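Colleague: If you're matching positions, the sequence shown starts at 1 in the UniProt record's numbering and goes up one per residue. Backbone N, C-alpha and C fix where the C-beta goes; we use that ideal spot for every residue, glycine too. The structure presented is a predicted model; accordingly, all values stated were derived computationally and were not measured. Got a structure for you, written out below as structure tokens; questions coming shortly.
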Amino acid sequence: RGEMENIPTLIDGVEVKFDELRGRCLITTVPRRPGDIVFKSMPYCFVLHPKLWGRKCNYCFQSAKGIDSSEGPALQRCTGCKLHHYCSKECQRNDWKDGFHKKQCKHLHKLLDAEVDEDTAFDVLLVGKTLWKMEQESGDGNDASYLLEEAGGAAAA
Numbered sequence: 001r002g003e004m005e006n007i008p009t010l011i012d013g014v015e016v017k018f019d020e021l022r023g024r025c026l027i028t029t030v031p032r033r034p035g036d037i038v039f040k041s042m043p044y045c046f047v048l049h050p051k052l053w054g055r056k057c058n059y060c061f062q063s064a065k066g067i068d069s070s071e072g073p074a075l076q077r078c079t080g081c082k083l084h085h086y087c088s089k090e091c092q093r094n095d096w097k098d099g100f101h102k103k104q105c106k107h108l109h110k111l112l113d114a115e116v117d118e119d120t121a122f123d124v125l126l127v128g129k130t131l132w133k134m135e136q137e138s139g140d141g142n143d144a145s146y147l148l149e150e151a152g153g154a155a156a157a
């Protein structure tokens, strides 16, 4: 890779550098304390791993009260699929409106009934949500929810 010039960032006191051991990395140029937040970034797409369903909100990932030593709210279950849980009506509405749950709600049982392992279910949900988001942005009107049906059928075969 050779020499790489420092890349400027929009974050004060942080530079992007290339390190032979670590590769491309962020380096602070000012003193920081452990736990200081340098920057936040929303991922393009996110889903909660199925092993955490019922333990964390499926939209904001907040832990439920009494789980993992959290003092968070009690979770309310989706009345449609009965698999997703939410810490608030706002999170449930956001997941229905902006998330993928409106499309996946009726198909989740098909995926789980196919007896796929949790990691495979996670992968299918993440890929499905990513494709759905890409289709929403492109405006072509395609519907990625068919992936959940096909994944359930393929896993059962």
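Can you find a CB in chain C that lies within less than 8 angstroms of the CB of C25?
Modeller: Looking for chain C here will not work: only one protein chain is present.
Colleague: Given a threshold of 16 other Cβ atoms within 10 Å of its Cβ, counted over all protein chains shown, does A114 qualify as buried or as exposed?
Modeller: Label assigned to A114: buried.
Colleague: Using alpha carbons as the reference points, say which of P43, L125 and K65 lies closest to C105.
Modeller: Here the closest residue by C-alpha is L125.
Colleague: Specify the secondary structure class of T29 as computed by DSSP and reduced to three states.
Modeller: Note: T29 maps to coil in three-state DSSP.
Colleague: Taking the alpha-carbon positions, what's the Y44 to P31 distance?
Modeller: Roughly 30 angstroms between the two C-alpha positions.
Colleague: Can you check whether the CB of V38 is closer than 8 angstroms to the CB of L26?
Modeller: Yes, the Cβ-Cβ distance between L26 and V38 is below 8 angstroms.
Colleague: Our contact map puts H101 next to W53 with C-beta atoms below 8 angstroms; I'd like the distance itself, whole angstroms only.
Modeller: With 8 angstroms as the limit, H101 and W53 do not qualify as a contact, their Cβ atoms being about 12 angstroms apart.
Colleague: For Q92, does the three-state DSSP call read helix, strand or coil?
Modeller: Here Q92 sits in helix by DSSP.
Colleague: Along the chain, where does the beta strand (DSSP E) that runs through E15 open and close?
Modeller: Unbroken beta strand (DSSP E) run through E15: V14 to D19.
Colleague: How about A74 and K65: do their beta carbons lie closer than 8 angstroms?
Modeller: Contact flag set, yes.
Colleague: Name the residue from D19, R24, D98 and T29 whose alpha carbon lies nearest to the alpha carbon of E137.
Modeller: That would be D98, whose Cα lies nearest to the Cα of E137.
Colleague: Who does Q76 pair with in a DSSP beta bridge?
Modeller: Looking at the DSSP assignment, Q76 forms a beta bridge with Y86.
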